[in-house]
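Peer 1: Residues in the sequence shown are numbered consecutively from 7, following this note's numbering.
In this text, a Cβ means the ideal position worked out from N, Cα and C, and glycines have one as well.
Treat the numbers as computed from the prediction; the structure is a model and nothing was measured.
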Amino acid sequence: MCAIFGIIGHYDQHQAKNALAKLTHRGPDYCGIEQRENLFFAHQRLSIQDTHARSHQPLKHKQILLSFNGEIYNFEALKKELDFPFATQSDSEVIIAAYLQWGVDFVHHLQGMFAIALLDADKLYLFRDRLGKKPLFFMQKKEAFYFASEIKALTPFLTKKELNNDALMSYLSFLAPTPPHTFYKGIHKLAAGEFLTLKNGVVKVQQYFDLLQTQPNTINTKEEALSQLETTLEEAISLRLDADVPMASLLSGGIDSATINYYAKKQGRNLQTYTLGYKEFKKYDERQNAAQTATYLGLTNTTVTICQEDFIQASEKVFNSLDEPLNDPAAIPLYLLFEQIQKDGYKVVMSGEGADELFLGYRQYFEYLDIEKAASLAHKNWLKKYFRANFSMNREWEWYKRIFDETLLFRTSGEKFTDLQKNLLLKRNVRDNESLKYLKTYRQNFEHSCHQDVATWYSYIDLNIFQAEHFLTKLDRVSMAHSIESRTPFLDHKLAQTVFSIEPKLRYEEGITKSLLKQIMTNKLHTTTLTRKKKGFANPYMEYLIDSQKINLIQKVNNQTGMFHKKEVEKYIQMATKGSFKQHVWGLYVLSYWIEKNLL
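1) Among the candidates I318, L282 and E241, whose CA atom is the shortest distance from the CA of G259?
2) Are S357 and S179 close, meaning C-beta to C-beta below 7 Å?
3) Alpha carbons only, please: which of T528, F365, I508 and P546 is nearest the one belonging to G517?
4) Below 6 Å CB to CB, which residues in the same chain sit around Y514 once its five sequence neighbours on both sides are set aside?
5) Judging by CA-CA distance, which residue of F46, N439, K422 and D97 is the nearest neighbour of D411?
6) Specify the secondary structure class of R42 as computed by DSSP and reduced to three states.
7) Tell me the residue span of the alpha helix (DSSP H) that contains E82.
8) Could you pull the start and end residues of the beta strand (DSSP E) that A154 belongs to?
9) Quick one: residues in its chain with C-beta nearer than 8 Å to the C-beta of E43, no 5 flanking neighbours on either side, listed in chain order?
10) Over the uninterrupted alpha helix (DSSP H) stretch that includes Q234, give me the two end residues.
11) How long is the line joining the alpha carbons of N295 and L71, rounded to whole angstroms?
12) Go ahead and label F189 buried or exposed: buried means 16 or more other beta carbons lie within 10 angstroms of its beta carbon, across all protein chains shown.
13) Helix, strand or coil for P495? Go by DSSP, reduced to three states.
14) On a CA-only basis, which of L202, L481, H16 and A361 is nearest L522? Give me that one, please.
15) Once the 5 residues before and after S507 are set aside, which same chain residues still bring their CB inside 7 Å of it?
16) Tell me the start and end of each unbroken alpha helix (DSSP H) in the region 129-200 that is at least 4 residues and wholly inside, in chain order.
17) Starting from P252, follow its DSSP beta bridges and name the residues at the other end.
18) Got a sec, what are the start and stop residues for the alpha helix (DSSP H) A300 sits in?
19) Buried or exposed: which applies to D291, given that a residue is buried once 16 or more other Cβ atoms fall within 10 Å of its Cβ?
20) Using the beta-carbon count (16 or more within 10 Å), is T184 buried or exposed?
21) Should G199 go down as buried or exposed, given a rule of 16 or more other Cβ atoms within 10 Å for buried?
22) Quick one: is Y392 buried, meaning 16 or more other Cβ sit within 10 Å of its Cβ, or exposed?
23) Just mark T306 as buried or exposed, buried being the case when its beta carbon has 16 or more other beta carbons within 10 Å.
24) With a threshold of 7 Å on Cβ separation, who are the neighbours of Q213 within its own chain once the five nearest residues in sequence on each side are excluded?
25) On the criterion of 16 or more Cβ atoms from any shown chain inside 10 Å, does W405 qualify as buried, or is it exposed?
26) On the three-state DSSP scale, how would you describe S98?
27) Indicate whether Y280 and I193 have their beta-carbon atoms separated by less than 7 Å.
28) Between the Cα of K433 and the Cα atoms of T94, K139, I467 and M175, which residue gives the shortest distance?
29) Can you grab the Cα-Cα spacing for the pair E92 / Y17, in whole Å?
30) Quick test of the definition: if touching needs 3 or more C-beta pairs under 8 Å, does the region 239-249 touch the region 480-495?
31) What are the residues that DSSP puts in a beta bridge with T279?
32) Measuring straight from C-alpha to C-alpha, what distance separates F11 and K289?
33) Let me confirm a value: T161 is counted as buried when at least 16 other C-beta atoms fall within 10 Å, else exposed. Which label applies?
34) Would you mind reading off the limits of the alpha helix (DSSP H) that contains I557?
35) Between Y352 and A254, is the Cβ-Cβ spacing less than 7 Å?
36) Could you give the residue range of the beta strand (DSSP E) that holds Q213?
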C-alpha cells in the first residue's frame with residue numbers, strides 16, 4: 007500500500023515536496039519523484055510485494071509513468087497473458103504491461119484494490135477500484151491539475167479553504183460526503199468504479215464498473231448459490247494471503263472475521279489475530295466472544311484494551327488522519343488497535359468489511375423489507391395525510407411517511423439526519439427529499455438495470471455509499487496512518503458479482519441475517535458464532551464525550567458560526583445523554599472539530 011501524488015502544470019518545487027511529505031505515513035519505505043517542467047509525478051512506497059528497490063515507483067516504460075496504490079492479486083496469472091519484458095516480481099509492472107496490451111480496458115482484467123495514476127505522454131489516467139477500497143482525490147486550477155491519495159496533500163494548493171455545502175448536506179444525511187464532493191470546495195474525489203482522463207487541460211470522469219451490469223437470476227437454486235459462493239469466497243481469501251511481509255487479522259465475535267480466519271487456516275496460514283476491549287465498559291467489547299472463536303479455530307489472539315483517556319487523546323490524531331468529517335466513532339478505537347498491530351511488526355491486516363452488505367447482515371434490512379409491503383395498501387390517503395400532519399423524530403415515522411408519499415424508502419443503512427430533521431436543525435430551508443439528489447445517479451442506474459428486487463437496491467447503494475465512502479474511508483485512513491495495508495476479501499468484485507447473480511429471494515426468504523453465509527459456514531464454525539446476535543463495532547464514545555466535556559465543543563463552535571438553531575442542538579445533546587440520537591451528536595462533534603480547525 008502506498009501514496010500517489012502528482013501535479014500536471016506549473017508548480018513550485020518546494021511546495022510540491024512539502025505536500026508529498028504529508029503522505030509519508032502511507033509509504034515510509036521509499037519516496038520516488040519524476041520531476042520536469044510542468045510535471046511532478048511522485049510515489050510514497052509501502053513495500054508489500056517484491057520489496058526490492060527494482061520495484062520502486064514511479065515506474066517508467068518509454069513514455070509511460072505509473073504511480074500505483076494497492077494490490078493486484080491476480081498479477082501472476084496476468085503475467086502469463088502478457089508479452090512484456092518483466093524486470094521485477096511486483097504487481098505494479100503488470101499494470102503497465104496490461105495497459106500496453108488492452109489500453110484503458112486493462113482495468114477490467116485486474117482483480118484487487120487500487121488507485122492508479124498512469125501518464126501516457128500528455129494524457130493522464132486516474133482509476134479508483136471497483137468497490138472503492140482505495141481513495142483518489144483531485145483538483146483543477148488555472149495553473150495546474152493536482153491529484154493525491156489523501157486530501158491533506160492537496161489543501162496546500164488551495165487559495166482559500168471554503169466549505170462545500172454539498173459535502174456538508176450529504177455528510178449529515180449519510181455519515182460521509184458523497185462523490186464527487188469533499189468538504190473543501192475545489193477538491194473532488196473519484197467514486198468507486200470511476201476513472202478520470204486529463205488531456206490538454208480537459209477533465210473527463212467516466213464509470214467503468216457497475217455491479218448492476220451483472221446479469222440477475224442466473225443462479226436460481228440454493229444449492230448452486232451455496233456452492234458458487236463458497237468457491238468464490240475461498241478463492242478471494244486465498245488470493246489475499248499472498249504477501250512478502252508479516253500478516254495479521256482482526257477478530258471480533260462475529261461470523262465475518264471468523265470466516266476469514268477459518269479459510270486462512272485451511273490454506274496453512276495461522277494468522278495472529280487482534281480484538282478490542284474497553285476498560286470501563288465491558289458490555290461494549292467482544293473479547294470474550296473473540297476468545298471463544300480463537301480457541302475453537304486454534305488461533306493466537308491479542309486483546310487491546312483502551313480507556314477513556316486513550317480514546318480522547320487519540321481522537322485528534324484520528325480526525326487529522328481523516329482530513330474531513332466522517333461520522334464513525336469506531337474510527338478511534340480502530341486507530342488504537344492498528345497502533346498496537348504496527349508495534350508488533352505487522353504490515354498487512356485482513357478485515358471483514360462488505361459481508362453485511364452482500365449477505366444482508368443488518369437486521370434493519372428485514373425491517374425495511376417488511377415496511378415496503380405497506381406500499382401495496384389500496385387506501386392510504388388518510389394515512390398519508392395523518393403522517394404529514396403529525397411529525398415525529400422517530401425513524402419509523404419517517405419510513406412510513408416515505409411509503410405513503412410514494413418516495414424512496416431505503417437511502418443507505420447509514421442514513422442519520424433526515425431532511426426534515428435537517429430543516430429543523432439548520433438555519434436554512436431544507437426541502438423534504440432534498441438529499442435524494444446525492445443518490446440520484448445510483449438510483450437511475452438501478453431503475454435502468456435488469457435488477458428489480460428491492461433487496462438488491464439495498465446492497466447496491468450500501469456498497470457504493472455506506473461501505474465505500476464510510477467504512478472503507480475509515481479503514482484506509484486509520485490503517486495507513488500506521489503504515490498498514492488492510493485487505494477485505496468479502497469485497498472481492500467477483501464475489502460481489504456472484505451475489506448479484508443469485509435469485510434475490512434466496513438471500514432473505516428465511517428472514518435470517520446472513521442466511522447464505524451462515525449455511526456455508528455450518529460445521530466449520532462453532533454454533534454460537536453462527537447464532538450470536540450481531541454486535542457491530544460498538545464502543546462507549548458518547549459516555550467518553552460527555553464525561554470528558556468534549557461535547558461542549560458543539561455549542562462553542564455553533565455560537566461562533568450560527569450554523570444551527572441553538573435549541574435544536576441542545577435538544578439533540580439532551581437526547582444523547584439519555585441514549586438516543588447518539589451518532590447524530592457524534593456527527594455534530596466531528597463537524598465542529600473540523601470547522602474550528604479549518605474555518606475559524
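Peer 2: With the structure as the only source:
1) Nearest option by C-alpha distance: L282.
2) Not closer than 7 Å, so no.
3) F365 is the residue among T528, F365, I508 and P546 whose C-alpha sits nearest the C-alpha of G517.
4) L366 and A461.
5) The residue among F46, N439, K422 and D97 with its C-alpha nearest the C-alpha of D411 is N439.
6) Of the three classes helix, strand and coil, the one that applies to R42 here is strand, per DSSP.
7) Looking at the DSSP string, the run of the alpha helix (DSSP H) that includes E82 is F81 to K85.
8) If you look at A154, you'll find it in the beta strand (DSSP E) that goes A150 to A154.
9) There are no such residues.
10) That run of the alpha helix (DSSP H) goes K228 to L245.
11) Cα to Cα, N295 sits roughly 48 Å from L71.
12) Classification of F189: buried, given that the 10 Å Cβ count is 16 or more.
13) Three-state DSSP puts P495 in a helix.
14) It is A361.
15) Here the set comprises T220, Q221, P222, T224 and I225.
16) Those alpha helix (DSSP H) runs which fall completely within the region 129-200 and span 4+ residues are 171-180.
17) Beta-bridge pairing links P252 to no other residue.
18) For A300, the uninterrupted alpha helix (DSSP H) run begins and ends at R293 to L303, by DSSP.
19) Residue environment for D291: buried (at least 16 other C-beta atoms within 10 angstroms of its C-beta).
20) Flag for T184 reads buried.
21) The residue in question, G199, is buried, as its Cβ has 16 or more Cβ neighbours within 10 Å.
22) Y392 should be labelled exposed.
23) Flag for T306 reads exposed.
24) Closer than 7 Å at the Cβ level, and outside the excluded window around Q213, lie G199 and E200.
25) Burial call: buried.
26) The answer is helix: DSSP assigns S98 an H, G or I state.
27) Not closer than 7 Å, so no.
28) Ranking T94, K139, I467 and M175 by Cα distance to K433 puts M175 first.
29) With the sequence shown as reference, residue 92 is identified as Phe, and Glu is not the correct amino acid for it. Each residue's Cα considered, the two are about 33 Å apart.
30) Because the criterion of three Cβ pairs below 8 Å is met, the region 239-249 and the region 480-495 touch.
31) DSSP output for T279 lists S255 and N307 as bridge partner(s).
32) Separation of F11 and K289 (C-alpha to C-alpha, rounded to the nearest whole angstrom) is 43 Å.
33) For T161, the number of other beta carbons within 10 angstroms of its own is at least 16, and it is reported as buried.
34) Taken as a continuous stretch (DSSP letters only), I557 belongs to no alpha helix (DSSP H), as it is neither H nor E.
35) At a Cβ-Cβ threshold of 7 Å, Y352 and A254 count as neighbours.
36) That run of the beta strand (DSSP E) goes V208 to Q213.
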